[in-house]
Amino acid sequence: MNTLVALCAVGAEKILGNEIKHLGYKLAGNAPGRVFFTGDDDSLYRANLCLRTADRVFLQMASYPAEDFDQLFDGVHSIDWQNYFKKDTKVTVDKVRCYKSKLNSEHAIQGIVQKAIYQKLGERWHMSSLPETGSESNVRVYLDENNALILLDLSGLPLHKRGYRVDGGIAPLRETVAAVLLQELMWRRKIPLHDPFCGSGTIPIEATLYAFNVAPGFGRRFAIENLPIYNARRAEEIRRNEASLIRTDVEVRITGSDIDSAAIERSRRNAEYACVMAGRALQSVGSDAKVPRPDFVQADFSELTAPYSTGLILCNPPYGERLGDEEEAEALYRKMKCLRDEFSGWNFGVITAHKKFQENFGAYASLLKDLKAGNLDTTLYIYRNREERGGDYHRTR
């Protein structure tokens with residue numbers, strides 16, 4: 002069995018853990034932004050292909066006490082790196098994270114780990130220097146309270162880079178965060194969903210992939226494919242098995258709108274790429290079925306009318322951090338009150354970094370959920386309709 006570590010937005014650990022369990026793997030603990038789990042050899046590839054809310058997947062190479070550089074070096078040197086790299090691989094220690102540890106110089110830790118890896122490889126392969134002409138493999142190091150965690154990157158590019166978004170526009174929402182939002186709102190395919198600030202279409206597209214059970218990684222490659230441990234035949238079998246699970250016999254009502262015509266064109270183009278990706282996966286198992294595209298229309302949110310009595314509004318409106326300024330954002334939130342009136346029977350999910358969203362929106366959320374993706378601290382405001390919440394809005398954390 003292998004121990005793996007999946008990274009996610011801080012605050013999304015429970016959502017990611019549930020997703021990992023749904024894939025059939027056993028949880029082995031978590032830390033802020035990290036979920037540990039165990040899995041068979043298939044999990045090394047399948048976790049990358051299938052996890053919607055993970056930002057990266059790593060293979061845990063070692064975990065041991067390291068209070069000084071000698072201990073750190075010896076622990077890294079003891080790993081059988083020759084089983085995981087080719088002789089022309091360029092190995093990079095891409096990131097170091099320290100927390101309450103005696104060793105806290107990220108640059109020095111990076112140098113020691115790199116030296117230990119290359120010394121071990123040189124000894125095993127009887128080479129005084131390595132060519133480094135092949136693909137690059139990344140190693141990551143965490144030092145938490147004097148315990149070293151050595152990880153090998155199996156993903157390569159972050160997993161939010163699905164391969165379908167040809168144009169993200171300005172300040173796009175990460176695909177993995179959009180997937181987290183759908184799970185936090187407990188959205189199901191039978192529930193109508195609309196994003197009134199669709200931008201590049203991320204939320205409706207991720208909802209489409211989820212509704213039709215399309216694995217998010219079909220349109221890209223992963224770093225594990227460059228490693229000796231990669232089993233190409235088995236990976237193709239995994240891909241075909243996941244393709245056979247795609248559903249095209251279900252009815253969904255997923256839509257998006259934006260006042261910007263360029264955003265609508267961008268969303269449609271990205272959705273087309275995503276659904277073509279799904280179609281190619283279906284073709285690999287002999288099916289000519291198509292995954293329906295979400296619908297996008299140009300409209301100001303104040304012009305929208307509720308097409309159904311119930312549903313979900315889920316959106317990432319501009320909040321002044323990177324788009325416009327704070328005063329413009331607050332004016333927008335005050336204007337958004339019309340959505341509450343028109344879509345009174347719908348649930349709402351709004352993610353923003355603006356701290357005064359509720360005051361300007363004119364209602365306190367049923368539930369707040371803090372999420373940190375990258376360096377941006379955001380809050381998901383969840384509003385349940387009156388029938389579901391059983392009374393007035395209340396604020397909880």
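The sequence shown lines up with residues 2 to 398 when you count with our numbering.
Using N, Cα and C, we set each Cβ at its ideal position, and we do this for glycine too.
Model, not experiment: these values are computed from the prediction.
Bridge partner(s) assigned by DSSP for residue i
| i | result |
| --- | --- |
| Ser64 | Leu150 |
| Asn3 | Gly40 |
| Ala32 | Arg35 |
| Thr256 | His195, Asp296 |
| Asn348 | Leu313 |
| Ile383 | Gly350, Leu368 |
| Lys373 | Val11, Asp378 |
| Lys27 | Thr39 |
For residue i, the first and last residue of its enclosing alpha helix (DSSP H)
| i | result |
| --- | --- |
| Ile239 | 233 to 245 |
| Tyr143 | Here Tyr143 belongs to no alpha helix (DSSP H); instead the beta strand (DSSP E) covers 137 to 145. |
| Asn317 | Taken as a continuous stretch (DSSP letters only), Asn317 belongs to no alpha helix (DSSP H), as it is neither H nor E. |
| Ala430 | Absent from the structure is residue 430, since the part of the chain shown begins at 2 and ends at 398. |
| Phe358 | 358 to 362 |
| Asp342 | 338 to 343 |
First through last residue of the beta strand (DSSP E) which encompasses residue i
| i | result |
| --- | --- |
| Cys9 | No beta strand (DSSP E) contains Cys9, which DSSP labels as neither H nor E. |
| His195 | 194 to 196 |
Test item: CB-CB of residue i and residue j under 8 Å
| i | j | result |
| --- | --- | --- |
| Thr54 | Met2 | no |
| Asp259 | Phe198 | yes |
| Thr311 | Gly346 | yes |
| Phe358 | Tyr384 | no |
| Ser285 | Ala224 | no |
| Ser201 | Pro173 | yes |
| Leu73 | Leu104 | yes |
| Thr353 | Val292 | no |
| Lys338 | Gly363 | yes |
| Gly112 | Lys370 | no |
| Asn49 | Leu158 | no |
| Ala149 | Val142 | yes |
| Glu328 | Cys51 | no |
| Gly135 | Thr93 | no |
| Ala10 | Leu372 | yes |
| Trp188 | Leu305 | no |
| Tyr309 | Val351 | no |
| Arg57 | Leu131 | no |
| Arg294 | Asp168 | no |
| Leu183 | Tyr211 | yes |
| Ala307 | Glu252 | no |
| Lys162 | Arg221 | yes |
| His355 | Ala330 | yes |
| Ala67 | Asn147 | yes |
Whole-number beta carbon distance between residue j and residue i, since they are thought to touch under 8 Å
| i | j | result |
| --- | --- | --- |
| Asp196 | Leu315 | 6 Å |
| Ile239 | Arg47 | 5 Å |
| His78 | Ala109 | With 8 Å as the limit, His78 and Ala109 do not qualify as a contact, their Cβ atoms being about 16 Å apart. |
| Leu283 | Ala290 | 5 Å |
| Ala180 | Phe219 | With a Cβ gap of about 15 Å, Ala180 and Phe219 do not count as contacting. |
| Ser102 | Asp69 | Incorrect: roughly 11 Å between the Cβ atoms, too far for contact. |
| Leu5 | Gln61 | 7 Å |
| Lys87 | Pro229 | 6 Å |
| Ile255 | Pro205 | 5 Å |
| Leu160 | Thr177 | 6 Å |
| Glu107 | Val114 | Not quite, the Cβ-Cβ distance comes to about 11 Å (not below 8 Å), so this is no contact. |
| Asn361 | Asn386 | That pair is no contact at about 20 Å. |
| Ser303 | Lys336 | 6 Å |
Q) Where are the alpha helix (DSSP H) runs, 4 residues long or more, that stay fully inside the region 56 to 100, in chain order? A) 70 to 78
**Q.** alpha helix (DSSP H) runs contained entirely in the region 272 to 307, provided each spans 4 or more residues
**A.** none
Q) Of all the alpha helix (DSSP H) runs that stay within the bounds of the region 175 to 210, which reach a length of 4 or more residues? A) 176 to 185
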